[in-house]
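The structure appears below as structure tokens.
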Amino acid sequence: MMMLDWSRRAACLDLDPELFFPISMEGPCQSQVEQAKKICNGCPVREPCLAYALSTRQAHGVWGGTDPDERRSLIAASAVPRQGSAPARPLPGGR
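Going by the working numbering, the sequence shown wraps up at 156, each residue one higher than the last.
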């Protein structure tokens, strides 16, 4: 697997990947998720890591300090048309 340039500077590089990919994001695993997020908070490549996770739709694990639910929310928020953007084109037939 080819390593992305930014990932060579990641705070998690030499850590056990299982910390960032818990069995669940809830219950007893929540402390593991919080520990992973703390590591991400101090990471020098947090932003490119998150951008990668969003652009590749990573559905599992902690990436760039976010869990899957947080990334889904970010993706959904970016899909909402911004105020002042062009209106949607009408459907054929006036629908």
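For every residue, glycine included, the Cβ atom is placed at its ideal position computed from N, Cα and C. For clarity, every value in this text was computed on a predicted model and none was experimentally measured.
Ordered along the chain, which non-local residues of its own chain (more than five positions away) have a Cβ less than 7 Å from that of residue i?
i	result
I84	C90
Exposed or buried, which one is residue i when buried takes at least 16 other CB atoms within 10 Å?
i	result
R118	exposed
L111	buried
A138	exposed
Since residue i is in the alpha helix (DSSP H), which residue starts that stretch and which ends it?
i	result
P200	No information on residue 200 is available, as it lies outside the stretch 62 to 156 that the chain covers here.
Q119	Note, Q119: premise wrong, no alpha helix (DSSP H); not H, not E.
A97	91-102
In whole angstroms, give me the CA-to-CA distance for residue i and residue j.
i	j	result
D128	P105	18 Å
Report the residue from the options whose alpha carbon sits nearest the alpha carbon of residue i.
i	options	result
L80	D66, A140, H121, L65	H121
R69	R107, Q93, E87, N102	R107
K98	I136, V123, L135, Y113	V123
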